[in-house]
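The next block holds one structure in the form of structure tokens; read it before the comments.
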Amino acid sequence: MSIEAPFAGNPYIENSIPVFSRETPFYNLLNDLQTKGWSIQDDFFSTDFTQALMDEVENIHNAYMLQAGVGRKQDHQIVLDARRDYIQWIDPDKPIRKDFLRTMEALRVALNRRLFLGLFDYEAHFARYEKGAFYEKHIDAFKGQSNRILSTVLYLNEGWQAGDGGELVIYDEREPTKEIGRFSPNKGRLAVFLSECFYHEVVVAKRTRHSIAGWFRVNGTIGGALDPDQ
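Take a look at the structure:
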């Protein structure tokens, strides 16, 4: 089976950049989510597609990014002791951003077909951790209190070294004080995990660190209004 079969992604791509170069990471992702609820896959997307996303985030001026906070909508607040990254939500206002969102929509459909997760939509933002920035240990969704089901992080950093910090730390679902592993934010690396199950953190970055953080969600519509995004 070719990679286009599960994703049918290339017809969406306005820039004519091949999105997927190999099928193995996708099937590894499926197996990981089924067996342990989290997955780390290198080179999930093609080199050209990853590079285009990297170019996009690196060209965002700090003035057009927001200080990230904790909580959503009316509960949102800036807590510098908890996190110090800057973000910009991804809207389909540029070709590469539209391509990314359409690609993740194709991934949503593929995951639903194979894992029956009932994923309804996807939201994401670019994230910038400047030197000294971090995100303390947290969970993306509390059980029964959020519509976020799967968290995704795509890393967009060239030549990341062991001493550069900024690693993603994932903790055991049953023993939240026990580390599963530490993963460097290497270019093209994709992390996916169940939002309600895994505490995680970003350790202090020693140089500027970029990523795309996103969430696949279920439909939490109440009174005609979708459970709040962003």
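The working numbering applies: residue 1 is where the sequence shown begins, and numbers increase by one. The C-beta atom is built at its ideal place from N, Cα and C for all residues, glycine as well. Since we're looking at a predicted model, the values are computed, not measured.
Quick one: residues in its chain with C-beta nearer than 8 Å to the C-beta of residue i, no 5 flanking neighbours on either side, listed in chain order?
i	result
A124	W89, I90, F100, L101, M104, T152, I212, A213, G214 and W215
R217	L119, F120, D121, Y122, E123, N147, R148, I149, D227 and D229
K94	E56
K137	V169, Y171, Y199, H200 and E201
I60	Q88, F126 and R128
N62	Y86 and R128
CB residue i to CB residue j, shorter than 8 Å?
i	j	result
N157	D42	no
I96	A191	no
L154	S195	no
R189	F198	no
R83	F134	yes
G132	V57	no
E173	G37	yes
Who are the Cβ neighbours of residue i in its own chain at under 6 Å, not counting the five residues just before and after it?
i	result
D164	K206 and R207
N219	F120
K143	E196
P92	K98 and L101
Determine, for residue i, whether the minimum Cβ-Cβ distance to residues of chain D falls below 8 Å.
i	result
D164	Among the chains of the structure shown, chain D does not appear; only one protein chain is present.
Candidates the options: which alpha carbon is nearest residue i's?
i	options	result
Y171	V202, N147, R148 and Q161	V202
T177	I139, L107 and G166	I139
L53	K98, V204 and E175	K98
T35	H200, L115 and W160	L115
D32	L111, W160 and Q161	L111
Y27	L117, Q161 and L107	L107
Spatial neighbours of residue i within its chain, please: C-beta separation below 7 Å, excluding the five flanking residues on both sides.
i	result
V109	none
L235	A question about residue 235 goes unanswered here, because the residues of the chain that appear run from 1 up to 230.
R209	Y129, N157, G166 and P185
P25	Q41, D43 and F44
G181	I170
A141	R148, S195 and E196
M65	Y86, I87, Q88 and R128
Q74	Legend: pLDDT at Q74 = 46, less than 50; position of this residue unreliable, value from coordinates given subsequently. Closer than 7 Å at Cβ, skipping near neighbours: no residue.
Could you please give the first and the last residue of the uninterrupted beta strand (DSSP E) stretch that includes residue i?
i	result
E136	Y135 to H138
E201	H200 to V202
D121	D121 to Y129
T208	Careful: T208 lies outside any beta strand (DSSP E) and carries neither H nor E.
G181	E179 to F183
I40	W38 to Q41
A191	L190 to L194
I87	Y86 to W89
V169	L168 to Y171
Y64	No beta strand (DSSP E) holds Y64; DSSP gives it neither H nor E.
V146	A quick correction: the sequence has Ser, not Val, at residue 146. Note, S146: premise wrong, no beta strand (DSSP E); not H, not E.
Under DSSP, the alpha helix (DSSP H) around residue i begins and ends at which residues?
i	result
T50	T47 to E58
R108	P95 to L115
Q34	T24 to T35
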